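Visitor: Mind having a look at this structure? Questions to follow.
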Amino acid sequence: MLDPQLLRNDLEQVAKSLAVRGYQLNVDEWKQLERRRKSVQIETEELQNKRTTISKSIGRAKSEGENVQPLLDEVSAIGLQLDESKELLKKIQAEMESVILYTPNLAHESVPVGKDEGDNIEVRRWGQPKQFDFEIKDHVTLGERNRGLDAESAANLSGSRFTLLTGEMAQLHRALAQFMLNQHIQNHGYKEYYVPYLVNVETMRGSGQLPKFVDDAFITEDERYLIPTAEVPLTNLVADTILDESELPIKMTAHTPCFRREAGSYGKDTRGMIRQHQFEKVEMVQIVHPKHSFQALDEMTGHAEAILQALELPYRVIVLCTGDMGFSATKTYDLEVWLPAQNTYREISSCSNCTDFQARRMKARFRPFDNQKTQLVHTLNGSGLAVGRTLIAVLENYQQKDGSVLVPQVLQPYMAGKTVMNQLS
RNA sequence: GGAGAGUUGGCCGAGCGGCUGAAGGCGCUCCCCUGCUAAGGGAGUAUGGGUGUUAAAAGCUCAUCGAGGGUUCAAAUCCCUCACUCUCCGCCA
């Protein structure tokens, strides 16, 4: 949620800034709503004040045995007027809320202006794509051996966009998640959390998934939502709280499944386990002092990079342009890992600074040391990393001519010391 | 799933229709006194919104006693619905 104050004082600038993101704010409509809101609110409050004042005097007059009828008459007229005024105010406020809840965050000035993913800018690369002297296979082909990666069974169980992993594949998958978590808690200063996978509407709204993106989420019969990312429960842990400045920064990590409808992505990434309704992710979330959020974004991106580096997977870092950023983000770095079979880099992590956008929705504040007014915190989230896609990257980058796969050194302790996997059984 | 009890400020806890944004205590902040491992006295101490302002502040004002609705001139206090917590029973990894 944007700062209503900003919308009031600097509307033209905000509209311009939103336009760069591809969002058209109806300036005239907003101006008018704002004008009406102001006059109606003032009127309502004045009536409210009058009523309270008279009501109190009724109490006093009564206790002194005076005749209160004239006062009663006066106040009942006010009551009717007040009801009307209140009703109108509610309506206007609801209208304004529906605009503001659908309005994305403003992009940071350092974010490149652009229309779509074609305008994203590469920031740096790490590692050299390996040269293979044999014909390489993609993860689907590699996974077919021993039925380690079994899309057909998954489809029979659940439908398209699900994957079944068996044997060493399942083990590698688990090893990756464990490894990532351990890195973050041991080397990067995060605390591990185990969180609910079903959350309520308020929680989804707090981090910005609702109301705009209802169609992306799975909802249960009793109106809970399957989390699309651990960002949702983790970030909302500070909803409605006033933290002490000394508690900042808060660094949290969790390994969870993520559930996404993937509505509107028909025909995209249909082969293999790139885009699934259910996938695992290790997520990082930081709650920080507003002064430090951009520094924290760089650090968090580094934490995600550290995983790829430890796995020796080549990747590049890109900064998303204004048109490609997510709803709540003010700046986002994507990490793209090298997939030899696709001969390209594919997204494996996304790290965003949401500034006070989520915090305002959630009412997440802190009290500064000097004990003045409370301030909104800044929130950040990043994948560290998407487990399924990391599995794909490992398979494809570590494959050998015979279809077996070398186990990255850092994962070997998690694989019972195994150095080679996916051999014919 | 059934039965009952509860939900008040940072915490504990009173209030059960008007003078209560809320007694009292604890905690915290500041000041004074005393001086030694402690104590005493005084003052202050919720959050959010609006208005105001060049910006801010003061001031004025509204809302909030789990949430939402209702009754009433007036609700923390009465009524209804829901959520959550606790206890007992049932079921269960």
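Residue numbers (the numbering used here): -13 to 411.
We put the beta carbon where it would ideally sit given N, CA and C, even for glycine.
Just so it is clear, the structure is predicted and the values come from calculations on it, not from any experiment.
Whole angstroms is fine: what's the gap from Ala327's alpha carbon to Leu87's?
Guide: Ala327 and Leu87: Cα-Cα distance of roughly 41 Å.
Visitor: Do you know whose CA, among Glu269, Met190, Leu220, Asp14, lies nearest His289's CA?
Guide: Selected option, being the one with the closest Cα: Glu269.
Visitor: Return yes when the Cβ of His174 is within less than 7 Å of the Cβ of Glu382, no when it is not.
Guide: Cβ distance not < 7 Å, so Glu382 and His174 don't count as in contact.
Visitor: Got a sec? Which residues, its chain only, sit under 7 Å from Arg261 by beta carbon, not counting five neighbours each side?
Guide: Arg147, Glu248, Ser251, Lys254, Asp255.
Visitor: Gln272 and Pro243: beta carbons closer than 7 Å?
Guide: No. Outside cutoff.
Visitor: Comparing alpha-carbon positions, which option in Pro182, Asn142, Val218 lies nearest Arg191?
Guide: When only C-alpha atoms are compared, the closest one is Val218.
Visitor: With three or more C-beta pairs closer than 8 Å as the rule, is the stretch 222 to 231 touching the stretch 344 to 356?
Guide: Contact holds: three or more Cβ-Cβ distances are below 8 Å.
Visitor: Is the beta carbon of Ser193 sitting closer than 7 Å to the one on Thr239?
Guide: Taking 7 Å as the Cβ cut-off, Ser193 and Thr239 do not qualify as a contacting pair.
Visitor: At the level of alpha carbons, what is the spacing between Ser411 and Arg375?
Guide: Ser411 and Arg375: Cα-Cα distance of roughly 25 Å.
Visitor: Classify Ala372 as buried or exposed, calling it buried when 16 or more other Cβ atoms lie within 10 Å of its own Cβ.
Guide: Buried: at least 16 other Cβ atoms inside 10 Å.
Visitor: Answer yes if the stretch 57 to 74 comes into contact with the stretch -9 to 1, meaning at least three C-beta pairs across the two stretches below 8 Å, and no otherwise.
Guide: With a cut-off of 8 Å, the stretch 57 to 74 and the stretch -9 to 1 do not count as touching, because too few Cβ pairs lie within range.
Visitor: Please state whether the Cβ-Cβ distance between Thr152 and Arg133 is less than 7 Å.
Guide: Result yes, Cβ atoms of Thr152 and Arg133 sit closer than 7 Å.
Visitor: For Ala80 and Arg7, which I take to be in contact (beta-carbon distance under 8 Å), what is that distance rounded to the nearest angstrom?
Guide: About 25 Å; that fails the 8 Å criterion.
Visitor: Are there three or more Cβ pairs, one per stretch, closer than 8 Å when the stretch 396 to 404 is compared with the stretch 358 to 369?
Guide: No: fewer than three Cβ pairs fall under 8 Å.
Visitor: Could you give the distance in angstroms between the alpha-carbon of Ile40 and the alpha-carbon of Leu68?
Guide: Ile40 and Leu68: Cα-Cα distance of roughly 14 Å.
Visitor: Hey, Gln34 and Leu75: beta-carbon distance below 7 Å or not?
Guide: In this structure, Leu75 does not lie closer than 7 Å to Gln34 by Cβ.
Visitor: Just how far apart, CA to CA, sit Thr89 and Leu19?
Guide: If you take the alpha carbons of Thr89 and Leu19, they lie about 16 Å apart.
Visitor: Which residues in the same chain as Ala292 place their Cβ atom closer than 8 Å to its Cβ, once the five residues preceding and following it in sequence are excluded?
Guide: These residues qualify, in order along the chain: Gln169, Asn173, His174.
Visitor: What are the uninterrupted segments assigned as alpha helix (DSSP H) that are 4 or more residues long and contained completely in the stretch 125 to 195, given in chain order?
Guide: Within the stretch 125 to 195, the complete alpha helix (DSSP H) runs of at least 4 residues are 125 to 130, 137 to 144, 153 to 172, 187 to 192.
Visitor: How would you call Thr405, buried or exposed, if buried means at least 16 neighbouring beta carbons within 10 angstroms?
Guide: With fewer than 16 Cβ atoms within 10 Å of its Cβ, Thr405 is classed as exposed.
Visitor: Going by DSSP in three states, Thr30 sits in which element: helix, strand or coil?
Guide: Residue state, collapsed to three classes: helix.
Visitor: Taking the alpha helix (DSSP H) that Arg257 belongs to, which residues open and close that run?
Guide: That residue, Arg257, is in no alpha helix (DSSP H); it is neither H nor E in DSSP.
Visitor: Considering Gln272, what are the terminal residues of the beta strand (DSSP E) in which it resides?
Guide: Start and end: 264 to 274.
Visitor: Compute the distance between the beta-carbons of Leu306 and Thr318, then report whether it is under 7 Å.
Guide: It is a contact, given that the beta carbons lie within the stated cut-off.
Visitor: What ranges does the alpha helix (DSSP H) occupy inside the stretch 270 to 325, keeping only unbroken runs of at least 4 residues that lie completely in it?
Guide: You should have 279 to 296.
Visitor: Taking Cys340 as the reference, give the member of Asn91, Pro(-10), Glu73 with the closest Cα.
Guide: Closest option to Cys340, Cα to Cα, is Asn91.
Visitor: What separation, rounded to the nearest whole angstrom, lies between the Cα atoms of Gln409 and Val185?
Guide: When rounded, the distance between both Cα atoms is 41 Å.
Visitor: Name the DSSP beta bridge partners of Asn339, please?
Guide: In DSSP, Asn339 forms a bridge with Lys317, Leu366.
Visitor: With a threshold of 6 Å on Cβ separation, who are the neighbours of Arg23 within its own chain once the five nearest residues in sequence on each side are excluded?
Guide: Taken in chain order, the residues that qualify are Ile78.
Visitor: Which runs of the beta strand (DSSP E), 3 residues or longer, sit entirely within the stretch 79 to 131?
Guide: Whole beta strand (DSSP E) segments, 3+ residues: 107 to 112.
Visitor: Need the endpoints of the beta strand (DSSP E) that Ile213 sits in, please.
Guide: Taken as a continuous stretch (DSSP letters only), Ile213 belongs to no beta strand (DSSP E), as it is neither H nor E.
Visitor: For Thr308, does the count of other Cβ atoms within 10 angstroms reach 16, so buried, or fall short, so exposed?
Guide: Buried, by the Cβ-count rule.
Visitor: Can you tell me whether Glu31 is buried or exposed, with buried defined as 16 or more other CB within 10 angstroms of its CB?
Guide: Classification of Glu31: exposed, given that the 10 Å Cβ count is below 16.
Visitor: Quick one: what does DSSP say Val13 is sitting in, helix, strand or coil?
Guide: Note: Val13 maps to helix in three-state DSSP.
Visitor: Could you please give the first and the last residue of the uninterrupted alpha helix (DSSP H) stretch that includes Pro412?
Guide: One cannot answer for residue 412 here, as it falls past the ends of the chain, which runs -13 to 411.
Visitor: Looking at Met(-13) and Arg332, is the spacing between their C-beta atoms short of 7 Å?
Guide: No.
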